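Structure record follows, encoded as structure tokens.
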Amino acid sequence: GESVGLHLPTLSVQEGDNSIINCAYSNSASDYFIWYKQESGKGPQFIIDIRSNMDKRQGQRVTVLLNKTVKHLSLQIAATQPGDSAVYFCAEFSGYSTLTFGKGTMLLVSP
Amino acid sequence: DAGVIQSPRHEVTEMGQEVTLRCKPISGHNSLFWYRQTMMRGLELLIYFNNNVPIDDSGMPEDRFSAKMPNASFSTLKIQPSEPRDSAVYFCASSAGTGRGYTFGSGTRLTVV
């Protein structure tokens, strides 16, 4: 079946650096994508979403980029802070199906 | 809004015992999802309900697992009998409808010994 996957299981950065977390998806019919952040002992928390009619969307310190040509999604975090340390999941949604989650990338931010 | 509320937060039980996990979705959300999370398999969808009706239970591992949603504000996930391989974090999530993001609860960490 089609699935969502991540390139890097762990990303280590220094505080203040910009972080980029990548995600590859395989379902070309997917039309809605979400990034979730999961801190230790908590449930996944919505960060930002993007629909397939867009290629970029910005939030507070976060930007999501969507490249439909190569079926690639990325999450950029500006001025990464220790509080950003967590596991980040991308999830895709196509039509009336449910959200399919990737395996996750752990972001470690050193002070 | 208090968000999605799950109970208990932690459950330790002996193999063979019945376990019941509970979830209260966000008021007004008409879709409810049960997920299981493990290091090996990540987040797996077990079952989801739309307007209290089970829509897809293909992710339920086996007949030992069952889920109900008797009304719009309550759902249960039951494992009977429980086995050590059921140890995981179980999340409940709700959403306002198709194509909308999910709000997750804090999860129930289940340990079966």
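Taken in sequence, the protein lines are chains A and B. The opening residue of the first sequence carries number -8 in the working numbering; numbering runs sequentially from there. The opening residue of the second sequence carries number 65 in the working numbering; numbering runs sequentially from there. All C-beta atoms in this analysis are idealised placements derived from N, C-alpha and C, irrespective of residue type, glycine included. Note that this is a predicted model, so its numbers are computed, not measured.
Classification of residue i by the beta-carbon crowding that lies within 10 angstroms, buried from 16 upward
i               : result
E126 (chain B)  : exposed
Q101 (chain B)  : buried
K28 (chain A)   : buried
S(-6) (chain A) : Residue confidence for S(-6) (chain A) is low, a pLDDT of 44 falling below 50, so the modelled location carries little weight; the figure read from the coordinates is stated next. Classification for S(-6) (chain A): exposed.
S31 (chain A)   : exposed
L(-3) (chain A) : Unreliable positioning characterises L(-3) (chain A) in this predicted model, as indicated by a pLDDT of 39, which lies under 50. A coordinate reading is not provided.
L57 (chain A)   : buried
7 Å Cβ cutoff met for residue i and residue j
i              : j              : result
H63 (chain A)  : A20 (chain A)  : no
F155 (chain B) : Y112 (chain B) : no
V83 (chain B)  : I143 (chain B) : yes
Alpha-carbon spacing of residue i relative to residue j, whole angstroms
i              : j              : result
D40 (chain A)  : D150 (chain B) : 32 Å
G93 (chain A)  : L109 (chain B) : 12 Å
S10 (chain A)  : L66 (chain A)  : 8 Å
S122 (chain B) : G7 (chain A)   : 44 Å
A136 (chain B) : S91 (chain B)  : 8 Å
W26 (chain A)  : P134 (chain B) : 31 Å
P0 (chain A)   : G95 (chain A)  : 7 Å
Contact set between residue i and chain B, taken where Cβ atoms lie within less than 8 Å
i             : result
F24 (chain A) : Within 8 Å Cβ-Cβ: nothing; F24 (chain A) doesn't reach chain B, min ~10 Å.
In DSSP terms, what residue i is bridged to
i              : result
E82 (chain B)  : Per DSSP, none; premise fails for E82 (chain B).
Y27 (chain A)  : A:F37 and A:F80
V53 (chain A)  : A:I68
I143 (chain B) : B:V83 and B:F129
K88 (chain B)  : B:I69
A152 (chain B) : B:L174
Neighbour list for residue i in chain B, Cβ cutoff strictly below 9 Å
i             : result
G74 (chain A) : Residues of chain B passing the Cβ test: none, with the nearest at roughly 18 Å.
T71 (chain A) : Residues of chain B passing the Cβ test: none, with the nearest at roughly 23 Å.
9 Å Cβ cut-off: residues of chain A touching residue i
i              : result
L110 (chain B) : None at all; the shortest Cβ gap to chain A is about 11 Å.
Contacts of residue i in chain A (Cβ-Cβ under 8 Å)
i              : result
F113 (chain B) : Ordered by position in chain A, no residue passes the 8 Å Cβ test against F113 (chain B), which lies about 11 Å from the chain.
Proximal residues of chain A, C-beta to C-beta of residue i below 7 Å
i              : result
G169 (chain B) : G34
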